[in-house]
Structures are given as structure tokens and as C-alpha cells.
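Everything on this sheet refers to the single structure shown next.
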Amino acid sequence: MGMTIAQKILKEHLVDGEMVQGQEIGFRIDQTLTQDATGTMAYLQFEAMGVDQVRTERSVAYIDHNTLQSGFENADDHKYIGSVAKKHGIYYSKAGNGICHQVHLERFGAPGKTLIGSDSHTPTGGGIGMLAFGAGGLDVAVAMGGGAYYIPMPKMVRVNLTGKLSPWVSAKDVILDVLRQMTVKGGVGKIVEYAGEGVATLSVPERATITNMGAELGATTSVFPSDGETRRFLEAQDRGDVWVELSSDPDAVYDEEYTVDLSALEPLAAMPHMPDNVRPVAEIGAIKVNQCCIGSCTNSSYYDMMKVASILKGKTVHPDVSLTISPGSKQVFNMLAQNGALADIIAAGARILECACGPCIGMGQSPESAGVSLRTFNRNFEGRSGTQDAQIYLVSPEVAAASALAGVLTDPRTLGEMPAIEMPEHFVINDNMIVRPAENPAEVEVVRGPNIKPFPLGKALEASYTGRVVLKTEDNITTDHILPAGAKLLPYRSNVPYYSNYCFINVDPEFPARCKEQGGGVIVGGANYGQGSSREHAALVPLYLGVKAVLCKSFARIHKANLVNSGILPLTFADPADYDAINLLDEIALPHVLEEIKNGSQVTVVCGDRTFKADCDVSDRQRGALLAGGTLNYAKEQAAQ
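Under numbering that gives the first Met the number 0, think of the first position of the sequence shown as 0, with each following residue one higher.
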């Protein structure tokens, strides 16, 4: 039987388990990346492992999230990450060099390689044929130390691309259509592979936009073939030597198949407040727009920025609109400056932000009260922009630029003939903001500021547990719900005790105080609990607050793994109807939990006069981690044997 692209890469890297759907596999990781909002914790964990030098082919630490330095905290984190990187063999991309996924695609990614990153949009690398995964910081630390990365063997999904995009229709519309078909839960436990005649019509930046937003499907990762187009992109980056051809076998078998007719697509928008709430721009109509933000790891490539510049050239942004532009990397920014496109953007009245994540993570540029903001980003969760009642629409750069000029949501097909944008034969290459590791690591001193606090460790599982329900939530709770990001709170990612005061505050402001009053407890949730980012703080902070178990209908993949890493029990209702019978502050007892987890049987749950069963669907390795109180404790136990 033939193999898919993903199966071929996994087979080549497999070190543990068998590639049987649903069974846990461990595979070798070639490259890692971190960003600064999750990186401090990842490197604290790496240091705790006692490994002197990273054992990957390439590990890179990026500074792209917490670049708004309104206090000492962010700068201190950057100093810590930079010194750890220099000491332990990690490349360090300074603030201003660009967004991790854009820079990694340009300068480090390679077809056929495996990559994990402490950011959920790491699958961007699938645009050049990498098998790239978002993961919690501890998983990245383990991989840097030479350990395997473990996931359940995913299902394989084929998305068949037919035809060719019409003028003014873009890659963003492709992934929005896939989200419309599959939903934000549709990719859980699956690898999405793009195939068909339409693939050859898409450039690498367009492919990367599509794989980037595969994270919003809940997919394990997404991947494109590595073909002539991939080779041209890598050669233009002076990295043609890393190119290999990669495609699925003609007789490869897929569990699901979807089709996107590129020719039939029209400009789309994801409406508030979920990336799968997708409708055609023409159908939504000419709603008044207050803000347009162009950038993020989804749409900040040279190709995207040149399209925007061509639309804005000789025009003026509508007086009622604030337009922000965030180039994805210094390379992109430099090339726009050299060819005059930046002057066209500035002349039109756009606000130029630095090469960083910026507004996408609520790091500045929050919209006005109840404002409508069109963003070329990947997430429009309620409150993520920093304004709780803002209405956020996810759109293509073409839609955002056209709407910024008109002052209302605008279908760019009304602009007339689309300007032709060619991919450059050679990109401007200047890696002077990437700091190489030290030649003499022993001479490097790691610098720790006062905001950097130790991460919490779980305790070994006891025979039984009794606690109260400290929170009950609905479906599709995101990691932004669990722990808000934004300019006010992201600086405290390295300070779990302080950050804990903000856990779930946008869902229930009383949650942190209730946890402290009850000495922790159990969270009860709906379906797809923990979707969104890879931030392990969404597990570490509840651990700090004493949460022992999360009992829900279903989990998002990365968050479930992070709960296990932290020693929090991820339990799912055997009968989802039992969810309805549980209320806030009900007493929950797990009378035989140690024995049941150890034996791999269902967990008995007692709530009042009702007794029911919950599943703890984990691997033997994860079972060991839960018994030990977390993966780090488990690793130390294993090393001592």
C-alpha cells in the first residue's frame, strides 16, 4: 500500500511505537523553534533537564511576541532567552528580525524535516514540505535534549485542490473554505495533506498561509508536497541545497477527502467570533469598518505585502479607518524599502508597525469600543484583540486593503484588473540579527531577571481525590479563555504566581479566588476544550491553582498533552449526558483514581448521589507521567532507574 507524505516522513523519523492509527508513536525531531511568550518557560524546563548542548540539527529562539517593552519584564525575558541560547547551542533571532514562522520558512525550514515549536502555528512549515507541529514548551525542551516527540498516530486527510484561483481571490480564502467545510473541531487527530492539480498554481507563501491556519482546524499539522515551486523558493533564499522532492504515492490511502475548487472560490471572511464562521464578503455586505490590520504569521510575506502596496499606491486610507501594516520579517521589510513599495504604503496613510506578532496577540492596536476590525490574522476569538466587545473579521490582505480605502467591507473584485505580483528570483539575504551560539559555552552566564519565577511541578497521584467543581464551561473553550494574552498580561508568562490571578477571568472573574478558597478542584468543560494556542501556561497556571482534573466532552490535542505534562488528569465523559447533571461547586470524588489510572481502566466519578464513568484516554507513557505528577517528574524517575 502506498504512503502519504506525512507517513513517509514519520516512518523515516520513527523511534518508538508502530504507525497504527490512534496508537502513540515517538519520532525524532530535526529542528525546534520557540518564541518569547512561551520560550522562557521552555528554556527553564530545558535547564532543569541538565542537558549541556541541544541535540537537534537546528534549534532557534525567536523574539516576536513580547516586543512592546512597557516595563522591564519583557526585556529581561529576552536577555534570559538570549543568554540561554548562546550557552546551549541555540540560534537567537533578535527582536525586530521577524515573526518566528515567517523567518523559519525563509531561513531554516527544509522539506522532509521534522519541526516542533512552542507555538501552535508552527505547522506553517508544512508550506515547504516539513512535518511541523505546535507543542507545549516541555515537549520542545525534551526534543532539544534529544528526546522523541510523542503523538497518537493521526488519521490522514486529503484536500484536493482543483482549478486555479481567480483574480482577487487568495490563499486565505482557500483555508477559510476548508474551515467552512471541516470546522474548528474537524481536524482533531488528523494530518491534512494538500494535493491535486491546484497545488502547482500556488507559491510557497500561499501554501504557508494555508498550512498556518490549519491550526484553526485543530489539525495535528498540515503539509504540501515539495515540488518545483518549493525548489524555486529555496533557491531564491540561497538554500537550494536543502531541497528534496516529496509527494504522496498514487495509491496512498486517506481516511477523509475534501475538495476545494480554486476556480469557484470568491473572497471570504470569518465573522465574529470563530475562524469557521465563514461567509462570502459580498454576502456580508458593506458594513462600516473602523480598523484594518495587515500582518501576522498568516499573511505577512513579501508576496502579501506587495499585493497590499499595489492596492494602496496613489490612494488614501479612508479618514474613519486606522490601517496598520506589520511586515513578517526584516527581509520583507528591507525589500519593501528598497523597491519603493514601503513608500507607497506610507503615502497612503498606513501605520507601519515592527516585524512582530503585534495586534494578532493583543500586543497593541486594540480596536475602539464595539469597533469593527478586519484582520489578516488567524484567530478572532472574543476579546483576543484586547477589546472585549470588538467585532473581529478574518480576511485576506486584498480584502483588508480594499476595505481600508473604502471605509466599508469591500469585495476587492470591484477594484478592476488585479495587479500582477511576481515572486522574486532572489530575496535580499542578511542574517545579521540572528546571533549564533557561543564557541565557548562555559564562558556564557545565564541572566535571570526578577520576574522569572520557577515553574510549578505536580505531585504524584494519590489513591483517591475529592474536590469541588471550581468552573463549568461551554464548548470550544480556547486557551485565550483560559489565560488571556495581550500587552498587559503577556509580560508575566515567566511569572506563574502573578499570571494565576488572571486565569479564566474573561469566563468567570471569580475563578482564581474560588480556586484559592477551595484549595483547587476540578474543571468541567464541553467539547473541544483547550483549542487555540500551544501555551502550556493554560495547564501550568491551573496546576499552580490546585486544579487536579479537567473533566470534559473532548479535548484539543496540544492542550490535552500539556495537561498530562503538568500532571493534571484529562478525563472525558464516557456518557456526555453526565455533563448536564454537574453544577458549580458540586463535590466530585475520584475514589479509586490511582488504581484505575495505573490499570488503564475507566475512572469512577462520584458527584452527589450519582456515580458515572470517565475515560482517561492516554498512552502508557502518559499514564506514567500522570502517576508521577507530570512528565518532568516521570523523566527523572525513569533516569534514576
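Note that the Cβ used here is the ideal one computed from N, Cα and C, for glycine as well.
* Asked: When the Cα atoms are used, what is the spatial distance from MET305 to PHE107?
  -> Counting from 1 along the sequence shown, the entry for residue 305 is found at position 306. Counting from 1 along the sequence shown, the entry for residue 107 is found at position 108. Between MET305 and PHE107, the C-alpha separation is close to 23 angstroms.
* To do: Quick one: give me the first and last residue of the alpha helix (DSSP H) that TYR302 is part of.
  => Numbered from its first residue, the sequence shown carries residue 302 at position 303. TYR302: member of the alpha helix (DSSP H) spanning 301-311, first to last residue.
* **Collapsed DSSP secondary structure at LEU393 in the structure displayed** => Against the sequence shown, residue 393 aligns to sequence position 394. The answer is strand: DSSP assigns LEU393 an E or B state.
* alpha helix (DSSP H) segment containing GLN330, residue limits -> Numbered from its first residue, the sequence shown carries residue 330 at position 331. For GLN330, the enclosing alpha helix (DSSP H) has its first and last residue at 329-338.
* alpha helix (DSSP H) containing MET143: first to last residue? -> The sequence position of residue 143 within the sequence shown is 144, counting from 1. Unbroken alpha helix (DSSP H) run through MET143: 136-143.
* Whole runs of the beta strand (DSSP E) within the region 112-189, excluding any shorter than 3 residues -> 113-116, 130-133, 148-151 and 154-161
* Run through DSSP, which three-state label would THR219 get? -> As a first step, residue 219 is located in the sequence shown; it is residue number 220 there, counting from the start. Coil at THR219, not helix or strand.
* Residues that SER384 bridges to, as DSSP identifies them -> As a position in the sequence shown, residue 384 is number 385, starting the count at 1. None, per the DSSP bridge assignment.
* Where in the region 613-640 do unbroken runs of the beta strand (DSSP E), each at least 3 residues long, occur, reported from the N-terminal end onward? -> none
* Would you be able to state if there are at least three C-beta pairs under 8 angstroms between the region 517-528 and the region 453-468? => In short, these stretches touch, since the Cβ pair count reaches three.
* Asked: In terms of alpha-carbon separation, which member of MET334, PHE380 and ALA263 lies closest to ASP172?
  -> In the sequence shown, the residue the question calls residue 172 occupies position 173. With distances taken between Cα atoms, ASP172 lies closest to ALA263.
* Using DSSP with H/G/I as helix, E/B as strand and the rest coil, what is VAL83? -> Along the sequence shown, one-based indexing puts residue 83 at 84. Three-state result, VAL83: helix.
* **Spatially closest choice to SER402 from GLY361, THR323 and ILE351, by CA coordinates** => The residue you call residue 402 lines up with position 403 of the sequence shown. Of all alpha-carbon atoms in GLY361, THR323 and ILE351, the one lying nearest the alpha-carbon of SER402 is that of THR323.
* Enumerate in chain order the residues of its own chain whose CB-to-CB distance from ASP250 is below 7 angstroms, with the five nearest sequence positions on each side excluded. => To locate residue 250, count along the sequence shown from 1; it is residue 251. Cβ within range, chain order: MET0 and GLY1.
* To do: Could you tell me whether the Cβ atoms of ALA285 and VAL407 are closer together than 8 angstroms?
  => Translated into positions along the sequence shown, residue 285 becomes position 286. Translated into positions along the sequence shown, residue 407 becomes position 408. Contact: yes.
* Taking all protein chains shown into account, decide if LEU584 is buried (16 or more other Cβ within 10 angstroms of its Cβ) or exposed. => As a position in the sequence shown, residue 584 is number 585, starting the count at 1. LEU584 should be labelled exposed.
* Who does LEU267 pair with in a DSSP beta bridge? -> In the sequence shown, the residue the question calls residue 267 occupies position 268. Partner(s): PRO279.
* Asked: Within this structure, are the beta carbons of CYS359 and SER300 separated by less than 8 angstroms?
  -> Counting from 1 along the sequence shown, the entry for residue 359 is found at position 360. Counting from 1 along the sequence shown, the entry for residue 300 is found at position 301. Going by C-beta atoms, CYS359 is not nearer than 8 angstroms to SER300.
* Asked: CB-CB under 6 angstroms to THR113, same chain, minus the five flanking residues each way: which ones, in chain order?
  -> Taking the first residue of the sequence shown as position 1, residue 113 is located at position 114. Cβ contact annotation for THR113 (same chain, cutoff 6 angstroms, sequence separation greater than five): HIS12, ILE28, ASP29 and LEU130, in chain order.
* Asked: Does the beta-carbon distance from ASN73 to PRO490 come in below 8 angstroms?
  -> What you label residue 73 is simply residue 74 of the sequence shown in a count that begins at 1. What you label residue 490 is simply residue 491 of the sequence shown in a count that begins at 1. Yes, the Cβ-Cβ distance between ASN73 and PRO490 is below 8 angstroms.
* Asked: By Cβ distance, which residues of its chain are closer than 6 angstroms to HIS103, with the 5 residues on each side in sequence left out?
  -> Position 104 of the sequence shown, counted from the first residue, corresponds to residue 103. Only residues of its own chain outside the window of five on either side were considered, and among them LEU32 have a CB closer than 6 angstroms to the CB of HIS103, listed in chain order.
* Asked: Can you give the Cα-Cα distance for ALA652 and ALA459, rounded to whole angstroms?
  -> Residue 652 cannot be examined here, being either before or after the span of the chain that is shown, 0 to 640.
* Return the bridge partner residues of GLY520 from the DSSP annotation. => For the purposes of this step, residue 520 is taken as residue 521 along the sequence shown, with counting starting at 1. According to DSSP, GLY520 bridges with VAL546.
* May I ask you to list the residues that DSSP assigns as paired with THR55? => Indexing the sequence shown from 1 puts residue 55 at position 56. Note: THR55 sits in no beta bridge, so no partner.
* Could you tell me which residues DSSP puts in a beta bridge with VAL468? => Within the sequence shown, the letter at position 469 stands for residue 468. VAL521, per the DSSP bridge assignment.
* With DSSP as the reference, label PHE26 as helix, strand or coil. => The sequence position of residue 26 within the sequence shown is 27, counting from 1. PHE26: strand per DSSP, three-state reduction.
* At which residues does the alpha helix (DSSP H) containing PHE232 begin and terminate? -> To locate residue 232, count along the sequence shown from 1; it is residue 233. From DSSP, the alpha helix (DSSP H) with PHE232 extends over 227-235.
* Asked: Quick one, are the C-beta atoms of ALA269 and VAL280 less than 8 angstroms apart?
  -> The residue labelled residue 269 in the question sits at position 270 within the sequence shown. The residue labelled residue 280 in the question sits at position 281 within the sequence shown. Not closer than 8 angstroms, so no.
* Asked: Just checking my contact of ASN65 with SER328 at CB under 8 angstroms: how many whole Å lie between their CB atoms?
  -> For the purposes of this step, residue 65 is identified with residue 66 of the sequence shown, where counting begins at 1. For the purposes of this step, residue 328 is identified with residue 329 of the sequence shown, where counting begins at 1. ASN65 to SER328, Cβ: 18 angstroms. No contact.
* Asked: Is the Cβ-Cβ distance between VAL495 and LEU539 less than 8 angstroms?
  -> Here residue 495 corresponds to residue number 496 of the sequence shown, with the count starting at 1. Here residue 539 corresponds to residue number 540 of the sequence shown, with the count starting at 1. The answer is yes: Cβ separation under 8 angstroms.
* **beta strand (DSSP E) segment containing LEU568, residue limits** => In the sequence shown, the residue the question calls residue 568 occupies position 569. Where LEU568 is concerned, the enclosing beta strand (DSSP E) stretches over 568-572.
* Asked: In whole angstroms, what separates the C-alpha of GLY357 from that of PHE376?
  -> One-based indexing of the sequence shown puts residue 357 at position 358. One-based indexing of the sequence shown puts residue 376 at position 377. Approximately 11 angstroms, taken between the alpha carbons.
* Asked: In three-state terms, what does DSSP make of LEU482?
  -> Locating residue 482 in the sequence shown gives position 483, where the first residue counts as 1. Reduced to three states, the DSSP call for LEU482 is coil.
* To do: Pick out whichever of TYR257, ASN431, LEU544 and ALA109 has its Cα sitting closest to the Cα of GLY124.
  => Here the question's residue 124 lines up with position 125 in the sequence shown. Checked all of TYR257, ASN431, LEU544 and ALA109; the closest Cα to GLY124 is ALA109.
* Evaluate contact between the region 164-178 and the region 133-150, counting only Cβ atoms and requiring at least three cross-stretch pairs below 8 angstroms. => no
* If you check the beta carbons only, do VAL168 and GLU215 fall under 8 angstroms apart? -> The sequence position of residue 168 within the sequence shown is 169, counting from 1. The sequence position of residue 215 within the sequence shown is 216, counting from 1. It is not a contact, given that the beta carbons lie outside the stated cut-off.
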